[in-house]
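Trainee: Please find one structure pasted underneath; my questions will follow.
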Amino acid sequence: TDDGDYSSCTSSVIESTVEGQRRHPHRHGDEHMPLLIDNDPYSLPAAGHRRRASLASAGMSIEARRHQAGHSWGGNVAPASSSLEEHYGSWCQRNVNMVQNTAPDANLASCAANAMLVLAMLAVALGASSNEEKVTEFFEGSETHTNNWAVLVSTSRFWFNYRHMANALSMYRTVKRMGIPDSHIILMLADDMACNPRNAYPAAVYDHPRKTLDLYGDNVEVDYRGYEVTVENFIRLLTGRVAADTPRNKRLLTDDKSNVFIYMTGHGGEDFLKFQDSEEINSYDIADAFKQMWEKQRYREILFIIDTCQANTMYSKFDSPNILSIGSSKKGQNSLSHFHDYDLGVSVIDRFTYYNLEFFESVDLSSKQTLADLIAAYNTTLIQSDPG
313 TDDGDYSSCT SSVIESTVEG QRRHPHRHGD EHMPLLIDND PYSLPAAGHR
363 RRASLASAGM SIEARRHQAG HSWGGNVAPA SSSLEEHYGS WCQRNVNMVQ
413 NTAPDANLAS CAANAMLVLA MLAVALGASS NEEKVTEFFE GSETHTNNWA
463 VLVSTSRFWF NYRHMANALS MYRTVKRMGI PDSHIILMLA DDMACNPRNA
513 YPAAVYDHPR KTLDLYGDNV EVDYRGYEVT VENFIRLLTG RVAADTPRNK
563 RLLTDDKSNV FIYMTGHGGE DFLKFQDSEE INSYDIADAF KQMWEKQRYR
613 EILFIIDTCQ ANTMYSKFDS PNILSIGSSK KGQNSLSHFH DYDLGVSVID
663 RFTYYNLEFF ESVDLSSKQT LADLIAAYNT TLIQSDPG
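Residue numbers (the numbering used here): 313 to 700.
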């Protein structure tokens with residue numbers, strides 16, 4: 313109207329908004345979206361219930377409405393100069409200008425302007441520093457992760473594959489040192505070299521002939537051992553399709569905020585890795601498992617490292633987002649062993665894994681190194697293959 317009283321216009325806007333939300337309470341896709349109650353644009357869920365507040369007049373000033381909002385939320389009102397107010401104020405002005413330029417009816421422009429102000433006041437009332445962060449996260453989403461997991465797999469049986477178990481246990485020790493607890497590590501060992509009758513050092517596993525560090529020791533939690541290490545169990549672990557009675561230590565309880573490190577070692581070839589010397593997992597199987605994980609929101613980012621012959625072919629079929637893959641050797645190359653132990657009669661670690669561990673030993677929780685630094689540190693002369 314000409315006298316600037318937009319109360320009737322505001323009331324109709326609010327009533328239509330309330331009716332639309334009652335009919336479609338989840339249209340906005342979030343249960344915490346503000347809900348207008350009893351013509352009150354300031355009523356929000358709080359302490360498990362919705363507090364109601366009524367406006368003394370639909371046509372009261374913006375300052376009075378802010379004051380009313382402060383009483384509804386315990387007085388937590390943003391200052392008028394808050395960045396959130398400025399952001400939504402400019403957004404409202406752009407929409408008002410659009411209406412004024414396209415609609416010759418001044419009343420229509422006034423109604424639109426007042427409706428935009430109602431929305432702006434909602435944003436202003438949420439403008440306290442902590443609430444502003446929540447609003448920003450709601451509209452833009454959070455890019456941070458909240459938890460880390462590791463899946464470490466040795467797929468080989470038999471004494472002559474001693475080094476594969478040492479590879480996995482070396483990685484296990486490293487990720488624990490870097491802060492991932494046992495509750496977030498899934499360790500899969502296809503054979504127990506520590507208890508093998510050929511082991512001249514019973515109940516111990518070493519990755520160096522000097523034998524300065526017992527990788528097995530008394531602080532290792534093996535989650536899948538022996539014949540539990542199968543292709544089916546590995547795929548079920550990744551995708552979460554485990555039996556209802558599966559214990560917690562055999563579950564990968566990740567979510568869309570999880571960063572997951574997956575390390576695999578064993579004998580393989582082009583597009584396949586052997587399990588137990590009796591079955592194989594191929595690159596399509598792993599690619600499909602990762603796709604299911606992404607669709608089911610079971611990871612934020614994955615670091616996939618594999619040490620086997622022709623390892624780089626194992627990630628050639630990956631097409632899911634946010635996966636960084638590193639293999640020990642390109643197509644047609646072998647992944648070679650390192651440090652032969654004459655007391656044990658076997659090699660005790662693979663070259664690619666050894667030089668990865670050498671880099672990781674220089675990393676702690678305060679380090680600034682990145683994965684780019686790790687890749688740059690690869691020396692193909694020492695590894696005797698081409699990681700990629």
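In this text, a Cβ means the ideal position worked out from N, Cα and C, and glycines have one as well.
1. Quick one: give me the first and last residue of the beta strand (DSSP E) that ILE497 is part of.
2. Any idea what DSSP makes of PHE573, helix, strand or coil?
3. For ARG537, which residues does DSSP report across the bridge?
4. Have a look at HIS520 and LYS586 and give me their C-alpha separation to the nearest angstrom.
5. Just how far apart, CA to CA, sit ASP676 and SER595?
6. Beta carbon of VAL660, beta carbon of ALA478: below 8 Å?
7. I'd like to confirm the pairing. Which residues does DSSP put opposite GLU613 in its beta bridges?
8. Please list the segments of the beta strand (DSSP E) lying wholly inside the segment 455-487, counting only runs of 3 or more residues, in order along the chain.
9. Roughly how many angstroms separate the alpha carbons of ILE635 and LEU615, rounded to a whole number?
10. If you compare alpha carbons, which of ALA506, LYS523, LEU549, PHE546 is closest to VAL532?
11. So, are the CB atoms of LYS569 and HIS496 less than 8 Å apart?
12. Quick one: residues in its chain with C-beta nearer than 6 Å to the C-beta of GLN681, no 5 flanking neighbours on either side, listed in chain order?
13. Thinking just about the alpha-carbon of each residue, which of VAL572, ASN508, MET500, GLY581 is nearest to the one in SER628?
14. Taking the Cβ atom as the reference point for each residue, do LEU564 and VAL534 lie within a distance shorter than 8 Å?
15. Answer yes or no: does any C-beta atom of chain D fall closer than 8 Å to that of GLU540?
16. Using the three-state DSSP reduction, which class does LYS586 fall into: helix, strand or coil?
17. Is there contact between the segment 462-478 and the segment 645-661, where contact requires at least three CB pairs shorter than 8 Å?
18. From GLN604 to THR551, what does the alpha carbon distance come to, in whole angstroms?
19. Between which two residues does the beta strand (DSSP E) holding ASN594 run?
20. Apart from the five residues just before and just after LYS643, which ones in its own chain have a Cβ nearer than 8 Å to its Cβ?
21. Just verifying my parser: in three-state terms, what is the DSSP assignment at THR551?
22. Please report the distance separating the alpha-carbon of GLN645 from that of ASP557.
23. So if DSSP puts VAL658 in a beta bridge, which residue, or which two residues, is it bridged to?
24. Report back the beta-carbon spacing between ILE574 and PHE584 to the nearest angstrom; my notes put them in contact at under 8 Å.
Mentor: A quick look at the data gives this:
1. 497-501
2. strand
3. LEU501
4. 25 Å
5. 32 Å
6. yes
7. ASN571
8. 459-466
9. 6 Å
10. ALA506
11. no
12. VAL675
13. GLY581
14. no
15. In the structure shown, chain D cannot be found, because there is only a single protein chain.
16. strand
17. yes
18. 6 Å
19. 591-594
20. GLU582, GLN622, ASN624, THR625
21. helix
22. 42 Å
23. ASP653
24. Contact doesn't hold; Cβ gap of about 17 Å is too wide.
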